[in-house]
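Colleague: Numbering-wise, the working numbering puts 371 at position 260 of the sequence shown, and it's gapless, one number per residue.
Where is the CB? At the ideal position from N, CA and C, for every residue including glycine.
Remember, predicted model here, so these are calculated numbers, not experimental data.
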Amino acid sequence: MTITTTVRPYQSYVYAYPHKTAYHALTDRPALRELWADEPKDALSLYLHIPFCEVRCGFCNLFTRIGAPEGLTTAYLDALERQADAVSEALGDGARFAAAAFGGGTPTFLEAAELERLCDIAEKRMGADLAAVPLSVEASPATATADRLAVLAARGATRLSLGVQSFVDAEARSAVRPQRRADVEAALTRIREAGIPVLNIDLIYGIDGQSERSWLRSLDAALAWRPEELYLYPLYVRPLTGLGRKEAAESDHEWDERRLRLYRLGRDHLLGRGYEQVSMRMFRRADAPSTASATGGEDYACQTDGMIGLGCGARSYTSGLHYSFDYAVDMREIRGIIDDYVSRPAADFGHAEHGRAITGDEARRRHLLQSVLQAEGLEVAAYRARFAADPAEDFPEELARFAARGWLDPAAEPGRLRLSAEGLAHSDALGPELFSPAVRAAMAAYEAK
112 MTITTTVRPY QSYVYAYPHK TAYHALTDRP ALRELWADEP KDALSLYLHI
162 PFCEVRCGFC NLFTRIGAPE GLTTAYLDAL ERQADAVSEA LGDGARFAAA
212 AFGGGTPTFL EAAELERLCD IAEKRMGADL AAVPLSVEAS PATATADRLA
262 VLAARGATRL SLGVQSFVDA EARSAVRPQR RADVEAALTR IREAGIPVLN
312 IDLIYGIDGQ SERSWLRSLD AALAWRPEEL YLYPLYVRPL TGLGRKEAAE
362 SDHEWDERRL RLYRLGRDHL LGRGYEQVSM RMFRRADAPS TASATGGEDY
412 ACQTDGMIGL GCGARSYTSG LHYSFDYAVD MREIRGIIDD YVSRPAADFG
462 HAEHGRAITG DEARRRHLLQ SVLQAEGLEV AAYRARFAAD PAEDFPEELA
512 RFAARGWLDP AAEPGRLRLS AEGLAHSDAL GPELFSPAVR AAMAAYEAK
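1) Could you tell me whether the Cβ atoms of Y428 and T132 are closer together than 8 Å?
2) With H, G and I counted as helix, E and B as strand and the rest as coil, what does DSSP make of F513?
3) Could you give the DSSP three-state label for S430: helix, strand or coil?
4) For A223, which of A286, V550, P162 and V262 has the nearest alpha-carbon?
5) Can you say whether I177 is buried or exposed, counting buried as having 16 or more other CB atoms within 10 angstroms of its CB?
6) Out of F546, I449, M418 and P456, which has the shortest C-alpha to C-alpha gap to T470?
7) Am I right that L327 and H380 are in contact with their C-beta atoms under 8 Å? What's the rounded C-beta distance?
8) Classify A377 as helix, strand or coil using the three-state DSSP reduction.
9) Using only CA atoms, which one of Y124, H135, Y121 and P120 lies nearest to H433?
10) Measure how close the beta-carbons of A333 and V275 come, nearest whole angstrom, since I'm counting them as under 8 Å.
11) Are the CB atoms of A305 and L260 within a distance shorter than 8 Å?
12) Could you check how far apart the C-beta atoms of A536 and M391 are, in whole angstroms? I think they sit under 8 Å.
13) Taking DSSP as the reference, what is the three-state secondary structure of F208?
14) Are the CB atoms of G417 and W366 nearer to each other than 8 Å?
15) Taking the alpha-carbon positions, what's the D280 to A457 distance?
16) By DSSP's criteria, V309 is part of a beta bridge. Which residues make up the other side?
17) Spatial neighbours of P543 within its chain, please: CB distance less than 6 Å, with the 5 preceding and 5 following residues excluded, ordered by chain position.
18) Whose C-beta lies closer than 7 Å to the C-beta of D451 among residues of the same chain, with five residues either side of it excluded?
19) Between which two residues does the beta strand (DSSP E) containing I161 stretch?
20) Would the stretch 517-530 count as touching the stretch 472-487 if we require 3 or more Cβ pairs under 8 Å?
21) Can you give me the C-alpha to C-alpha distance between S435 and F174, rounded to a whole angstrom?
22) Go ahead and label M237 buried or exposed: buried means 16 or more other beta carbons lie within 10 angstroms of its beta carbon, across all protein chains shown.
23) Should A206 and L246 be called a contact, given that it needs their Cβ atoms to be closer than 8 Å?
24) Who pairs with V248 in a beta bridge, going by DSSP?
25) Assign S362 to buried or exposed, taking buried as 16 or more other Cβ atoms, counted over all protein chains shown, within 10 Å of its Cβ.
26) Can you give me the start and stop residues for the beta strand (DSSP E) that E387 sits inside?
27) Does the stretch 437-445 touch the stretch 212-223, meaning 3 or more C-beta pairs lie closer than 8 Å?
28) Which word fits H478, buried or exposed, when buried means at least 16 other C-beta atoms lie within 10 angstroms of its C-beta?
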């Protein structure tokens, strides 16, 4: 099947809005105590960021560094404790957490004893009851060791997300991800033995040399483990990454068409094998246990705010401000930000330093984005209750354009705005079209570092 629109289908993965490239230095450095004073705090999400990986994949533009010199992970956890104390004090009494997640980087880069300490930070310093709320953790095959998994299972992890990307060794090498299928299978064995209720496997389509046949091989290899969730990611080649320095093997148009073919093949393959589509990327086994997650990134579908992020790559959300530390992709810049983070005294963690104010218009855009990019779509009544208007009144031109392209589902039940199958397929084109002019300008002005 060919692309039926001139719009490029793969423009930007909208996992958070606004993106951190739209953030700027906050010259007034507002105090966290003031930012959170009037915010609802009875159902917060907690995200702890670990910015270390054993290797950096060729497609990765996440905030992470390769390895850690001796003593750095200890110094990082020390800083995380200082930040947790400052944030907990700023939140005051009454803060309650409804979900938690450890992301990165690779949280399981930490050794077992360090993971225990990480859990203690979440529980003893922030007050999150990890045994009582959903806890999602990201891992890689090399770091999913039995002792680490035992810690996570004992501390209440309900979901383990494993970055596999491909079960075909040649494709993994092409994506600059050194791993062997035998090692991946061994890690999956250990995960299942650990008894964590939900296993998610990440796969990537669009890798150089990947065919429809090899894509199905990877999908079937993953399905053999009956994962409760599968994420299918289109490959992106971004500046300052390993693949970003390689010459393209095909034209943009050819690559777009190949990725769309592989996406549709993967989608239909999973739908035919007992999985339900949750978003363009996420598929859940129909009989899987329900464990809501609060990831800092992947398909975080919370339309409201109340996210507490700890760690130098985490972001936090209040109703009026999204904030974080500085952002970078280049390894030298990342190392500098991490070094600055671990050297900070506790007093420096009581203020927001980089962020973006969320106006009424941006809140509307975020709610629409976070809802409509999910397969279940947007409940118009909920939007109206929050903003005293219908989305068609706030975004008439955008929604008319999406409908003209066949991206909206005309068979959606009354009171629900939902994407069609092709609309979901073009999520990475539709999402960016809902960015505000101000956010577009800020992102365009950002100098990659």
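Modeller: This is what the structure holds:
1) no
2) helix
3) coil
4) V262
5) If you draw a 10 Å sphere on the C-beta of I177, you find fewer than 16 other C-beta atoms in it, and that means exposed.
6) F546
7) 7 Å
8) Before going on, a small fix: residue 377 reads as Gly here, not Ala. Note: G377 maps to helix in three-state DSSP.
9) Nearest neighbour of H433 by Cα position, chosen from Y124, H135, Y121 and P120, turns out to be H135.
10) That pair is a contact at about 7 Å.
11) yes
12) 7 Å
13) strand
14) no
15) 45 Å
16) R270
17) Apart from sequence neighbours up to five positions away, the residues of its chain that approach P543 with a beta-carbon distance below 6 Å are Q122 and S123, ordered along the chain.
18) The beta carbon of D451 is closer than 7 Å to none in its chain, skipping five residues each way along the sequence.
19) L155 to I161
20) yes
21) 12 Å
22) buried
23) no
24) For V248, which the question treats as bridged, DSSP gives the partners F213 and L271.
25) exposed
26) Y386 to Q388
27) no
28) Classification for H478: buried.
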